[in-house]
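Same order as they appear, the protein sequences are chains D, H, B and Y.
Residue numbering for the first sequence follows our numbering, starting at 19 and increasing by one per position.
Residue numbering for the second sequence follows our numbering, starting at 19 and increasing by one per position.
Residue numbering for the third sequence follows our numbering, starting at 19 and increasing by one per position.
Residue numbering for the fourth sequence follows our numbering, starting at 19 and increasing by one per position.
Number of protein chains: 4
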Amino acid sequence: MKVSIIGVTGYSGLELVRLLHNHPEVEIAGVYGTQNIGKKISKIYPHLSGLLDLPLKAINHSEIMAESDLVFFATPSGVSREVAIQFIENQFPVIDLSGDFRLNSAESYQKWYGKPATHAAYLNQAVYGLADFVSKNSSARLIANPGCYATASILSLAPVVISDLIEPESIIIDAKSGLSGAGKKLSEASHYVEVNDNMSIYKINQHQHIPEIMLQFNQWNTKIPAIQFSTSLIPVTRGIFVTSYAKLKPAVSFEEVESAYQQIYQDKPFIRLMSNNTMPQLKQVIGTNYTDIGLSYNPVTNTLMVVTVIDNLIKGAAGQAIQNLNLLADFDQFSGLDFVPVFP
Amino acid sequence: MKVSIIGVTGYSGLELVRLLHNHPEVEIAGVYGTQNIGKKISKIYPHLSGLLDLPLKAINHSEIMAESDLVFFATPSGVSREVAIQFIENQFPVIDLSGDFRLNSAESYQKWYGKPATHAAYLNQAVYGLADFVSKNSSARLIANPGCYATASILSLAPVVISDLIEPESIIIDAKSGLSGAGKKLSEASHYVEVNDNMSIYKINQHQHIPEIMLQFNQWNTKIPAIQFSTSLIPVTRGIFVTSYAKLKPAVSFEEVESAYQQIYQDKPFIRLMSNNTMPQLKQVIGTNYTDIGLSYNPVTNTLMVVTVIDNLIKGAAGQAIQNLNLLADFDQFSGLDFVPVFP
Amino acid sequence: MKVSIIGVTGYSGLELVRLLHNHPEVEIAGVYGTQNIGKKISKIYPHLSGLLDLPLKAINHSEIMAESDLVFFATPSGVSREVAIQFIENQFPVIDLSGDFRLNSAESYQKWYGKPATHAAYLNQAVYGLADFVSKNSSARLIANPGCYATASILSLAPVVISDLIEPESIIIDAKSGLSGAGKKLSEASHYVEVNDNMSIYKINQHQHIPEIMLQFNQWNTKIPAIQFSTSLIPVTRGIFVTSYAKLKPAVSFEEVESAYQQIYQDKPFIRLMSNNTMPQLKQVIGTNYTDIGLSYNPVTNTLMVVTVIDNLIKGAAGQAIQNLNLLADFDQFSGLDFVPVFP
Amino acid sequence: MKVSIIGVTGYSGLELVRLLHNHPEVEIAGVYGTQNIGKKISKIYPHLSGLLDLPLKAINHSEIMAESDLVFFATPSGVSREVAIQFIENQFPVIDLSGDFRLNSAESYQKWYGKPATHAAYLNQAVYGLADFVSKNSSARLIANPGCYATASILSLAPVVISDLIEPESIIIDAKSGLSGAGKKLSEASHYVEVNDNMSIYKINQHQHIPEIMLQFNQWNTKIPAIQFSTSLIPVTRGIFVTSYAKLKPAVSFEEVESAYQQIYQDKPFIRLMSNNTMPQLKQVIGTNYTDIGLSYNPVTNTLMVVTVIDNLIKGAAGQAIQNLNLLADFDQFSGLDFVPVFP
């Protein structure tokens, strides 16, 4: 299978290149961007020297459809809503890592992303690719790959939301992310000197991943009215660490909660439950597509606390995109994703 | 005024040395420890070369009482409960940075610290030195300096606890700390390789600072039954970043909350409220005794979120100890604490 | 004494504010920049809240000369060569932290800085303010504060250069710096994700601090023909760590070298020599104006190795500028510089 | 092929596990240690959960020889000199990642490692496995895997040493390493708080990798009398960054040097030469077995500078060990080593 990557020079694009190098069934046919056209990507990123020496090309829909079988968008939000249309119209498979096709309502996109959505007809064709909950979907043509915070947050609470075990209005999600999540864009907030030895909080209850979390939660459980959601930056390169809180419903025991997690996640090999009240550390998933989850219950305050860790560039972006590709193409689900975490 | 420091080679002890160097009214008379006796402290810590060349001495109560006017304990918990007794019996002023005199009940100390408490008679003589809420107390002889997490957590919610504006059972405190908070003790958890690029959570609802937070909250508001409290390690050297959540009581508006913070903190110069919904970053207090606090309210979930940052070695240890010294000795409250944050 | 600061929002400007806050003889009269005019500096930098609430002003020479007694330029190179002229013409004291007045030749400036120098007449009025080697110079009106790499490199080898103990063509300087040295300018090279867990080398034998090092070395010893000089970035916020190598002249012993360092630095309290072949760590000077130096000699290869550490924002910028101010105004040399290193 | 790993819980042992997971020809038969016997390794290291669930076993020579075809020692120096003997006597293949079999003289081992060497008869059977310079050696039974600093230092200068292009007494090697190089052992020097924002230098001209570098250099060029060699710690987890300096011989041009590097490294796919005077960054090899090398020549000082970067746990330990395994077993040289660097 041949794939093309649009937006290859961003962090998610580079991670697609990195993971696909070890995918036994996939070859990268072309890499596309808007700058440095004609330059070999290994000249821009010397770490790729000898590994991927393709030249950067300007986006050309016909060429991409001729030379490859699927295209990844690893672009910032706002690009694929326009550039993907020609692919969609041609039923050419698209996996979009941006937020442009994740919401089913143009109003919601405008509200949370601050720009106009693509046409509703295209939004409706998109499948939200929360890969661990998706069955083989070889008929899908447009997959909206979930956001990094959304992936960790949804997987953090899915079993209790699905099984209706928590007070619906009690959800608090306190998410922390490393800097690669913010992308390559230069800003004061990503200057080394501002990040090192620092921690900051941003977009409180205003993060654009909130609506996709709510959509998924409500698809499972219509009673959840809203979530409290905040995002912080911690001085690490990769990784999302989500601490979720919720109150158990009356008469629900922690054992029921534990067994809901075990049941719902038992056939999902990329999700690993910690045993015996231990909690995951961020580093134990870095470099992989794993989601590690730990549970703790405080009977005094009747509070369930769930700690969830992922590598934002893999499970939160390129890895889940490949997981979606594997589902689409009916490849083994570990193809291109069979790695041991980089520890230490 | 002359002071002695017991436990000078730990991080809090070193920070006392650093801050007292700029205190116009205080001179360090002697430094005490259990190792390297007779060796100059500047030989162990070359950063002190030319600044403090005193030799380390073995603890000698008579000598300390003869040569100085007050003694700081910058020792791990478990030391002052025994070693301080002779000073207490002699009415010699003690400021204890450890947890040994913070709880008023021997049972509680045994439960949370896992070792026997000192005699209840001594516990009762101790004053909990939450310095921003203490008036000049020249008669105090034994001051229990608050814990780092406790200081940030209590100051985070004091106004709404005092003014009874929140649902008493709704408090969730999600605290993150840098590594210096764990002290100099060697452990796998403090090895650079385990901490760098990592984040981990520990002592969930079991941290020994919980009882002192509850004592203070209940002194202000007897209705608070319990708190949900977790502590995480982030890869920074200094700093505590506390995110607190609580539900507002029915009919309480966010404006009332804001005005409670303004009123209660207006005469406390070491507490700085952020304006206009902005939130503090960790680094903006490092190197100082400041506590910076930001507020955010989500009307959809009726959740108040408070972000509080301190330097754990200063406001959370040595700085608050000097603030307590200034109160005790009736010095200007900024003496030894008049610094601009180290930014960047 | 009243001072103004031009370029206050850069890292060196902020550090001037920080240090001058504790200077007993100096008051900041005005702060000047090119952006955010009219806005209080504490609104841009919340760490200054309650500490310096002056508004940013657009540069106005008459106002500065009227309201203050001296002006600091904490601007990038290329600014003071033009903006300082009016002060120079008026004999108004200027301490320039940029490179614009450090070289005595316009050709050299053009070559190393890649832009035209100011008029030679102004270059000639400038005094190179290597503060530890300067005597009280109350008559100076234009002080060119040395570069950060230059300060560490020159102090690293001054005694053997002055005493002519090394082979003149054998000097190799391998310098490493933290990221604050590169300033606030946004670039890919200063993005957190590019710096964290990384080390890179740049401007090999092309760094603009080379000519000022050579000027100073040749003023002491005309035989030095050139130096090998490289600069690397390491993932720390502050600090310069310089490793210098040189071959001893025939018949010169290491004891002679040691005694040259002791003699030449014995009356310079900001320079601390390590004892007994121990070497300084970077962190032992951070937050201070100290230069710590360690010596090692390898008889097998006849190589002297000198390790020198400074805080680039203090000794390498704002601190040395204040040291120059103290010399100029005949203040105590520790005024505004009397700090214990921030360790840990 | 089945292999066993002795010392699996150290950083090099864990890295062997990580890399071998993706080796198509190798299976891990058993993992051995001295602590936690009987416990599953995934209980000690949760990142291995679901990936390697073998129990830790106490060392048992017969069992190892029965169940596997080769044994790796990933132990600290001082272990294999005794524990490997039984394997050697049985002609059972050993790849030793420690320093115990790297030196050909017992006196030298005693001098540099400070403990007695194994019997000279065993030392003589060992092959120094500098893998890029070794041909397929299916007859070797005892391979001494090179040290991390040694690998980077030797590869840094091999072409000019082999081709005799530099002044033999002019070599200076300034090496910097991340903290994983020091291993898991707890010490003040590896405490996060001592490492973060710091840089320090240690073992100047006393590092135990010096003799193996000299042995290899002298095997190629008997004229090299000694090297100046220092090692520093920088705050990163993985990576070695070596800056080497040497003077060119009279009449040798930089072009000759460049062509020596190109010729000697052209058939070594794990060594990548940077083009056009660009220099490698540390991060561009992390996660891989690559050695990236950049060259710079300063005609004014006649100094060649070479910058070499490796991942100390891979090329400097586990990766080179697998490269040696591939040579021994005649596997494809990229087996288990076919990764794209983890960037960012």
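All residues carry an ideal CB built from backbone N, CA and C; glycine is no exception.
| Item | Value |
| --- | --- |
| Length of the line joining the Cα atoms of asparagine 344 of chain H and lysine 154 of chain H | 8 Å |
| Whole-angstrom distance between alanine 84 of chain D and lysine 20 of chain D, CA atom to CA atom | 10 Å |
| Glutamate 81 of chain B versus glycine 56 of chain B: straight-line alpha-carbon distance, rounded | 15 Å |
| Status (buried if at least 16 other CB within 10 Å, exposed otherwise) for threonine 309 of chain D | buried |
| Cβ neighbour criterion (16 or more within 10 Å) applied to aspartate 150 of chain Y | buried |
| Residue closest to tyrosine 140 of chain Y, alpha-carbon to alpha-carbon, out of Y:Phe119, Y:Leu331, Y:Val325 and Y:Gly68 | Y:Phe119 |
| Residues near tryptophan 130 of chain Y in its chain [Cβ-Cβ closer than 6 Å; skip 5 each side] | Gln226 and Pro229 |
| Endpoints, the alpha helix (DSSP H) within which lysine 154 of chain H is located | That residue, lysine 154 of chain H, is in no alpha helix (DSSP H); it is neither H nor E in DSSP. |
| Valine 211 of chain Y beta carbon near the ligand NAP (any heavy atom closer than 7 Å) | Ligands displayed in this structure: none; no statement on the ligand NAP is therefore possible. |
| Segments assigned beta strand (DSSP E), at least 3 residues, entirely inside the region 112 to 158 of chain H | 112 to 114 |
| Supposed contact pair leucine 88 of chain Y and proline 111 of chain Y - C-beta distance, whole angstroms, cut 8 Å | 4 Å |
| CB of phenylalanine 361 of chain H within 8 Å of CB of leucine 173 of chain B, strictly | no |
| Nearest residue (CA-CA) to serine 181 of chain H, options H:Val270, H:Lys202, H:Thr52 and H:His209 | H:Val270 |
| Endpoints, beta strand (DSSP E) assigned at asparagine 344 of chain D | Per DSSP, asparagine 344 of chain D belongs to no beta strand (DSSP E); it is in the alpha helix (DSSP H), 337 to 347. |
| Integer Cβ distance of alanine 170 of chain B from isoleucine 328 of chain B, believed to fall under 8 Å | 5 Å |
| Runs of alpha helix (DSSP H) lying entirely within the region 34 to 78 of chain D, each at least 4 residues, in chain order | 59 to 62 |
| Reference tyrosine 220 of chain B; option with closest CA among B:Leu355, B:Leu251, B:Val303 and B:Asn320 | B:Leu251 |
| Cross-chain neighbours of tyrosine 29 of chain D in chain Y, by beta carbon under 8 Å | Pro362 |
| Interface partners of methionine 292 of chain Y on chain D, CB under 9 Å | Pro64 and Ser67 |
| Coil, strand or helix - phenylalanine 235 of chain H by DSSP | helix |
| Integer Cβ distance of lysine 194 of chain B from phenylalanine 247 of chain B, believed to fall under 8 Å | Incorrect: roughly 12 Å between the Cβ atoms, too far for contact. |
| Per-residue contacts from tyrosine 220 of chain H into chain Y (C-beta, under 8 Å) | None at all; the shortest Cβ gap to chain Y is about 14 Å. |
| Spatial neighbours of alanine 76 of chain B in its chain, beta-carbon cut-off 6 Å, leaving aside the 5 residues before and after | Ile55 |
| Bounding residues of the beta strand (DSSP E) (the contiguous stretch that carries serine 191 of chain H) | The sequence shown places isoleucine at residue 191 of chain H, rather than the serine named in the question. 190 to 195 is the extent of the beta strand (DSSP E) around isoleucine 191 of chain H. |
| Within chain H, the residues that asparagine 40 of chain B reaches when beta carbons sit closer than 9 Å | Asn40, Asp356, Phe357 and Val358 |
| Local Cβ density within 10 Å of valine 318 of chain Y, reported as buried at 16 or more and exposed below that | exposed |
| Reference glycine 96 of chain Y, options Y:Thr136, Y:Leu121, Y:Gln104 and Y:Asn78, closest by Cα | Y:Thr136 |
| Collapsed DSSP secondary structure at valine 178 of chain H in the structure displayed | helix |
| Proximity to tyrosine 283 of chain Y [Cα-Cα], best of Y:Gln302, Y:Glu206, Y:Gly312 and Y:Arg159 | Y:Gly312 |
| C-beta neighbour in chain D for valine 325 of chain H, strict 8 Å | yes |
| Residues within the region 308 to 322 of chain D neighbouring chain Y, beta-carbon criterion of under 9 Å | Tyr308 and Asp310 |
| Beta-carbon proximity check, threonine 261 of chain B vs aspartate 192 of chain B, cutoff 8 Å | yes |
| CA nearest to the CA of alanine 335 of chain Y, picked from Y:Lys61, Y:Glu45 and Y:Gly147 | Y:Gly147 |
| Chain H residues whose Cβ lies nearer than 8 Å to that of threonine 255 of chain B | Pro362 |
| Interface residues of the region 93 to 115 of chain D facing chain Y [CB-CB below 9 Å] | none |
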